[in-house]
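If you count the sequence shown from 1, position 143 lands on 1069 in this note's numbering, and the numbers rise without skipping. Worksheet: the structure to be examined is printed underneath.
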Amino acid sequence: MELRTQKILTNIGFGIWFFIAGVEYAVILPTAWLYVESLGGDKFFFGMVFSSFSVASLVFGIVFGIWADRVGKTKWIVIFANVWGIAGSALYSVGMSKYLILGARLLSGAGAGVGSAIMAHLTHTTTNEERTRTFSFFIATRFIGVMVGPGFNFVLRLCDFYIGPFKIDAYTAPGVFMAALTILLEIYMVFFVYDLPYIDAEPNSDFPPTSETVNKGKENIQSSTTVPSNNLTENMTVSQGTAQVESNPSSVNSYNQQSYESFHTCRSNMQSMTVESSEFYKTASFENVLNGEVEGHTIGCSSQPNGAVNSEHQDHISEAEDGITVNASDGAILEKTSNQSGPVTQETDKPSFFTLLADVLREETVVLLAVIFCIIFNQVTVETIATPLSQEVFRWGEKENSIFYMCAAAEMLACYVGIGCISKKFQDRTIIFGGLTLSCLSLAWLVVFIKDNTYNPSLLPYFIVGAALQLMSFAPIMIASTSLFSKVTDRRIQGLSHGIRRAVSSVACIIGPLWAGATLHMLNVLLGVMVAMQGLVMILALLSFRRLKDPHHQQDSVPSLMVNTEADEQTPLLKDAQPAQERV
């Protein structure tokens, strides 16, 4: 089967997964309170049931994410997680005890945590240019499920029959229905979902890729040079100004861990490098030579004058007998003097878990997590207060609220489709700031016009405008921040990164309803805190605006080879054009 066909079938399978997640939200929650109450549960216990799904998703999102990073086989991870979802839905339909309901939602939440592994898979199998559009499509399918879910509820509430000793009624039917849908999804995933090959790191990447191939350059090129990123296959001599350091494979590989840590301090690219041999010149573009071993120790990361290298590193990388010479004054010259004979073994550097975790805790990622938390907190808070507020202020009933939520789902679906289109023309950070501005306006609008809970039908237009603006701001922020978050984190830990992102989202989903319930009768306090938090996040994002950018296309970073500015200014611009024999 062709790769294109496999990708289409796999994306359909993951789209169905997101759709079923939306359907579950719309089918289970409307009847959950009455179900728990019929089994003797109070409001506090219902709060535990409501939050248990998010708590389990928080924990297992990180677990499944790390698992996906380690094995790289998303298909069977999703199939395994779906078994948990089937078990949770089946247990939900038993209905013998309120504690079974609590356990059922915990199991379902654990299965839903596999979303982090799916998002990591989508990150690895899409380019940076198409990722925002792809994320928009998959998240939109979830809201399609939310929109059509109430239609299933109209049918499920009519159920009244037995399966063996278990009664299937309006409360237990949603569990049976979700279990059946997930079983069908399992069958599809077994036969039609594939573990697609990962797309290699983009050019100009700030992150160490698995392998880097020097591109074809100018005329009269006789061969191409491939530079592995995880190990040094040939001895190298690195020189800059008056400093010279020799290295061999064993010594440099021993510093992979430290070079990776220093890599994120440097965060710069090595571009337009000229490869010189006795027979040809060749312009090559490649980043992070040898996974940062050269960059981290000798090029671009030293604060010492004239490119001097730390003596501790110099002691450990010496005694090279033959190799490649790198001159890094204006450009970099790789002079290939000889090749090693014999087989070359590939060694993979494996930074520690805490080193990789530190990559998720950089400035830009923390700001994006704050943005995600804030917008989800505001969204679920507005959703929580919408029903009781509309009942008290406008005397809405079940029918009016159902229409309101269906219109809201339709609006959000249209927004997701729109974001998929405009993502080709605008950067992610621009879309994020547009959404944040719109969200601030919507909250300020509600603060001004919705001041109390007293009956006042004349406020209906103001409420609809404020709610519509808030819903309109949610889609661009969620899509763009999720896409940008996947671009600024290391490709090797996308599962862990998305697990942390989903954990932050789950915390917001837990805290939001609690805040709404506690301050429902103090709307000024409720909305005022939301506005203040939104303003703080906007300030943080504004201060980090330059870093909120896809690192693969950053052009404003300082070139890694420009270590000593004064020395570079004194170096002739045409130095690299001199013949090879004059340089010796």
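Beta carbons are placed, not taken as given, at the ideal position from N, Cα and C, and that holds for glycine. Just so it is clear, the structure is predicted and the values come from calculations on it, not from any experiment.
With 16 or more other Cβ atoms inside 10 Å of its own Cβ, tyrosine 1342 counts as buried. Taking all protein chains in view, the Cβ of lysine 1377 is surrounded by fewer than 16 other Cβ atoms within 10 Å, so the residue is classified as exposed. In the assembly as shown, proline 956 is a buried residue. Its beta-carbon has 16 or more other beta-carbons within 10 Å. DSSP places phenylalanine 1352 in the coil class of the three-state scheme, outside both helix and strand.
The DSSP-derived three-state label of lysine 1377 is coil. Shown here for valine 1293: same chain residues with a beta carbon closer than 6 Å to its own, the five before and five after excluded, namely Leu1466, Ala1467 and Ser1470 in chain order. Apart from the 5 residues on each side of it in sequence, glutamate 1289 sits with its Cβ closer than 7 Å to the Cβ of Ser1470 and Arg1473 in its chain, given in chain order.
In the DSSP assignment, isoleucine 1012 falls outside any beta strand (DSSP E) and lies within the alpha helix (DSSP H) extending over 1000-1018. Of the other Cβ atoms in all chains shown, 16 or more fall within 10 Å of the Cβ of valine 1463; this residue is therefore buried. For isoleucine 1302, the enclosing alpha helix (DSSP H) begins and ends at 1289-1320. Within the segment 1032-1083, the runs of alpha helix (DSSP H) that reach at least 4 residues and sit entirely inside it are, in chain order, 1041-1050 and 1054-1082. For the pair phenylalanine 1389 and valine 1308, the Cα-to-Cα distance works out to about 11 Å. Following the DSSP letters along the chain, one finds tyrosine 1097 in no beta strand (DSSP E), marked with neither H nor E. Take tyrosine 1114, set aside five residues on each side of it, and the residues of its chain with a beta-carbon closer than 6 Å to its own are Gly939, in chain order.
If you draw a straight line from the Cα of glycine 1014 to the Cα of glycine 1041, it comes to about 16 Å. Residue burial annotation: lysine 1475 is buried, with at least 16 other C-beta atoms found within 10 angstroms of its C-beta. Isoleucine 1089 carries a strand assignment under DSSP once its states are collapsed to helix, strand and coil. Counting along the chain, leucine 935 sits inside the alpha helix (DSSP H) bounded by residues 929-964. Between isoleucine 1419 and aspartate 1285, the beta carbon gap of about 7 Å places them in contact (Cβ cut-off 8 Å). The beta-carbon separation of serine 964 and glycine 1035, rounded to 22 Å, does not stay under the 8 Å limit for a contact. Contact check for threonine 1052 and threonine 1060: beta-carbon distance about 5 Å, within the 8 Å limit, so the pair qualifies. By alpha-carbon distance to proline 1383, the top candidate from Gly991, Met927, Leu1315 and Ala1335 is Leu1315.
In chain order, Cys1366 place their CB closer than 7 Å to the CB of glycine 1461, counting only its own chain and leaving out the 5 sequence neighbours on each side.
Annotated as distal: leucine 1395 and methionine 1073, with beta-carbon spacing of 8 Å or more. By the neighbour-count definition (other C-beta atoms within 10 Å, threshold 16), cysteine 1347 is an exposed residue. Pairing glycine 1392 with serine 1431 gives a Cβ-Cβ distance that is not under 8 Å.
Annotation for aspartate 995: the continuous alpha helix (DSSP H) segment containing it runs 969-997. The C-beta of arginine 996 has fewer than 16 other C-beta atoms within 10 Å across all chains shown, which makes the residue exposed.
Residue Gly1454 holds the alpha-carbon nearest to the alpha-carbon of phenylalanine 1375 among Gly1454, Gly1323, Ile1357 and Gly1425. Aspartate 1121 carries a coil assignment under DSSP once its states are collapsed to helix, strand and coil. Rounded to the nearest whole angstrom, the CA to CA distance from arginine 1083 to phenylalanine 1303 is 31 Å.
Under the criterion of beta carbons closer than 8 Å, glycine 1443 and threonine 1310 qualify as touching, at roughly 7 Å. When the alpha-carbon of glycine 948 is set against those of Ala1401, Phe1064 and Ile1070, the nearest one is in Ile1070. Assignment of valine 1286 by DSSP, reduced to helix, strand and coil, places it in the coil class.
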